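2 protein chains.
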Amino acid sequence: MVEMGAKLDPWGHYAIEDYRKLLEEFGISPIDKILGLLPHKHKYFERLVIFGHRDFDVWLEALKRGEKVAVLTGFMPSGRPHLGTAMVYEELKFLQSLGAHIKIAIADAEAYIVRREDRSEVIRRGVEFVAHSIAWGINPDNAEFYYQTAMDNEYYRLIQLFSRKITAAEMEAIYGDINPGKIMAALTQSADILHLQLDKYGGYKYIVVPVGADQDPHLRLTRDIADRFEQEFGLKRPSSIYHKLLRGLDGNKMSKSRPEYAIHLDDDPEMAEKKLANALTGGRATAEEQRRLGGEPWKCSIFELYVYHLIDDEKELKERYDECVNGKILCGQCKRIAAEKLRKLLIEHQKRFKEVITSGIVEKILKKPSF
Amino acid sequence: MVEMGAKLDPWGHYAIEDYRKLLEEFGISPIDKILGLLPHKHKYFERLVIFGHRDFDVWLEALKRGEKVAVLTGFMPSGRPHLGTAMVYEELKFLQSLGAHIKIAIADAEAYIVRREDRSEVIRRGVEFVAHSIAWGINPDNAEFYYQTAMDNEYYRLIQLFSRKITAAEMEAIYGDINPGKIMAALTQSADILHLQLDKYGGYKYIVVPVGADQDPHLRLTRDIADRFEQEFGLKRPSSIYHKLLRGLDGNKMSKSRPEYAIHLDDDPEMAEKKLANALTGGRATAEEQRRLGGEPWKCSIFELYVYHLIDDEKELKERYDECVNGKILCGQCKRIAAEKLRKLLIEHQKRFKEVITSGIVEKILKKPSF
């Protein structure tokens, strides 16, 4: 496993091990201090899956005062959505349940420019990402989805004009090596976040951006840009919340480049069960040792699935944990329990996905780019 | 006077002395070889004020075959338009006379980003640039004008997506030192030139870009980009023609930063005459020497005004030249002749400018950006 360096690379693929370092080094605040401000609970906050934030308390207080708030996040339409993607869907569902309007960028410009994906393939996948998000439970009546390359003038004008007040050295300090494509993708993301505050898009509102921890560089850039354009364009810093990255079944970051270790939302349920059978666990070398010493769930990709997706109930999760550390359950049995839950989750999700696709709703709410 | 280096800096202010070097070093073709292709004459071609081109023969032949052709150029709305600006107006008038549609970018994004101009001031000046161009004789019925920050989605999408296929090293090879702003401004100019070939803007057409010699770096970049996106977006290389830069009355490049050596189109005619009185000429140290040796019109800013703007008739120009080199006329008398012609030109232009402004036509044809 790769140690996290001083620079986070949102385009990289390594796992982030040390979330405390993020909190200290980049000034991300721990989430546990502000849990009391949440109008109601969600397991991600309780379990510190969402572990940090910037100014989320400011956003929550604005929400409480009845001021205009919104949520902005983006999905990269490269590869197929997996259980890591579903974490953001889950967060968005929660934020919608607070009454917030959500807007979601399909990062097709970024996928094309930085990931060098085929343009028409990226556009096609965008539709799937949106359908999956609705199948997961996002309410399309209180959500907007857009391709980064199918927006309006005012949005693009931000991208263009932002370039005046950021230097190459500053970009390098945030991203490491830069090039025209990375600069464009980064400024596009800043426009994604900040355009919601323009008059054209309803005027000033408090924004929160839920992201994986690896996306913080974009937030740092966007906060700097907001400061520099506050006087001229009335833009203000967004808030953000950070979730830990769900690892793949081999313990590394879940990634489309290693599909055998990722659970995709459109995986055949039986295939998915087989992937679990081969997953890295926190088990011991032998059954005897496991019974004597107990397992190590904090090292286990199966237990991570319980925490992130498969077990909602806190009591049940605790039981699973205790059984493991006390050596009362062996990995094989535990995997079968997880596999059964996963199979159920996938079958139900895929049923809803088909309904969403056949309903034609995505075509109704998502305008495709003309080229 | 500054020698031209191996790199041309379109954002720089030095005079370009050695146009032959441009022809050789950057592969700009001499214009005199293709004069026979012009349907009718213009003094700028005859006098080699327009001295070079890239693929202008291709454009002229497409025009002759009746294929779709267009002209694209841009004006930087920083400072007030001067006689250097009017050279482009003059070229556009000529290209319109061939039947070509012309489209003109007001480079407000570039002025804001790279020149760091005030945004509302830039927008205000854009209106003046358009009014001056119509006053100079551009037919608004066969011309389109637009601010770079008030365009449509498809145009901006080009700017965004172009960034994929150009590297930082390539940009540096063309522009020298780069930064996010310069990259954005350069890609914006490429979109200015190439967007006309998109379906949204009428589909493929042959484009020619009339520019000052210092703008060739943008053309080189744009031609590279067109090559790289030909297969994907159907873009093709633009043609270009290059005019020499009208120098200021001190012999250096005419520039807004030294207004006392520039003739602005809105200069008070009497003030303009006074500027001429102090202009650098090709005269000798004393009247006696001048009569004996003759003047050197090729060094004279007054003679340059004759060539570029004040004398249309070839015979009259030749007489003025001969009188000078034969010592038959002294600089004082010559300046008075030029001043009288300039006064007349400015009075007539400013009368038409007022008519254009009061007619409200600019507001009708130019959509202002919303911020």
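Protein chains in written order, with the working numbering: chain X, 243 to 613; chain U, 243 to 613.
By construction, the Cβ of each residue, glycine as well, lies at the ideal position given by its N, Cα and C atoms.
All values reported here derive from a predicted model rather than from experimental measurement.
In the three-state reduction of the DSSP assignment, THR528(X) falls in the coil class, being assigned neither a helical nor a strand state. In this structure GLY316(X) is in contact with ILE346(X), their Cβ atoms being roughly 7 Å apart against a cut-off of 8 Å.
Closest in alpha carbon position to ALA410(U), among MET426(X), CYS573(X), PHE293(X), GLN390(X), is MET426(X). Remark: C-beta atoms of PRO611(X) and THR391(X) approach each other more closely than 7 Å. In this structure, the CA atom of THR528(X) is about 10 Å from the CA atom of LEU572(X). Distances from the CA of SER499(X) to each of GLY602(X), GLY321(X), LEU305(X) were compared; the closest alpha carbon is that of GLY321(X).
Per DSSP, VAL450(U) lies in no alpha helix (DSSP H) segment; the continuous beta strand (DSSP E) that holds it begins and ends at 448 to 454. For the region 586 to 600 of chain X, there are no residues whose beta carbon sits under 9 Å from a beta carbon of chain U. Between VAL549(U) and ARG289(U), the gap from beta carbon to beta carbon is short of 7 Å.
Looking at the DSSP output, LEU314(X) sits in a beta bridge with LYS345(X). In this structure, ALA373(U) lies near ILE599(U), with their beta-carbon atoms less than 7 Å apart. Proximity of chain U to ASN421(X) at the Cβ level (cut-off 7 Å) is accounted for by THR409, ALA410, in chain order. Neighbours of LEU487(X) in chain U, taken as residues whose beta carbon is under 7 Å from its own, are absent, since the nearest beta carbon is some 26 Å off.
Taking the C-beta atoms as reference points, GLY525(X) is found no nearer than 7 Å to PRO539(X).
Per DSSP, TYR331(U) is one residue of the alpha helix (DSSP H) stretching across 325 to 339. Not a single CB atom of chain X sits nearer than 7 Å to the CB of THR523(U). Take the alpha-carbon of GLY574(X) and the one of ILE292(X): they are about 29 Å apart. Shortest Cα-Cα distance from LEU507(U) to any of GLU386(U), GLU530(U), HIS551(U) involves HIS551(U). In the displayed model, LYS495(X) falls within a strand according to three-state DSSP.
Burial is judged here by how many other beta carbons sit within 10 angstroms of a residue's own beta carbon; ALA519(U) has fewer than 16 and is exposed.
Taking C-beta atoms under 8 Å as the contact rule, LEU280(X) and PHE287(X) qualify, at a distance of about 6 Å. Annotation for ASP492(X): TYR503, LEU522 place their beta carbon closer than 6 Å to its own, counting only its chain and skipping 5 residues before and after.
Apart from the 5 residues on each side of it in sequence, LEU477(X) sits with its Cβ closer than 7 Å to the Cβ of LEU436, GLN439, ALA468, PHE471 in its chain, given in chain order. Ranked by how close their Cα comes to the Cα of LYS263(U), the residues LEU584(U), TRP301(U), ASP456(U), LYS609(U) have ASP456(U) in first place. In the three-state scheme derived from DSSP, where H, G and I count as helix and E and B as strand, ARG578(X) is classed as helix.
Taking the beta carbon of PRO319(X) as reference, no residue of chain U falls within 8 Å; the closest one sits roughly 15 Å away.
Check the Cα spacing between LYS486(X) and each of ASP555(X), ILE344(X), GLU546(X), VAL311(X): the tightest is with GLU546(X). The three-state secondary structure of SER481(X), taken from DSSP, is strand. Only exposed fits ASP274(X), as fewer than 16 other CB atoms lie within 10 angstroms of its CB.
Just so you know, the alpha carbons of LYS335(X) and GLU561(X) end up roughly 27 Å apart. Contact with chain U is absent for THR464(X), since none of that chain's Cβ atoms lies less than 7 Å from the residue's Cβ. Distances from the alpha-carbon of TYR443(U) to those of LEU400(U), MET413(U), LEU461(U), GLU414(U) put LEU400(U) closest. Shortest Cα-Cα distance from ARG489(U) to any of GLU582(U), LYS306(U), GLU474(U), ILE505(U) involves ILE505(U).
The beta carbon of SER375(U) does not come within 7 Å of any beta carbon belonging to chain X, so the residue lies off that interface. Contact annotation: in the region 280 to 306 of chain X, no residue has its CB less than 9 Å from a CB in chain U. Contact fails between the region 303 to 311 of chain X and the region 349 to 359 of chain X, because fewer than three Cβ pairs, one in each stretch, are under 8 Å apart.
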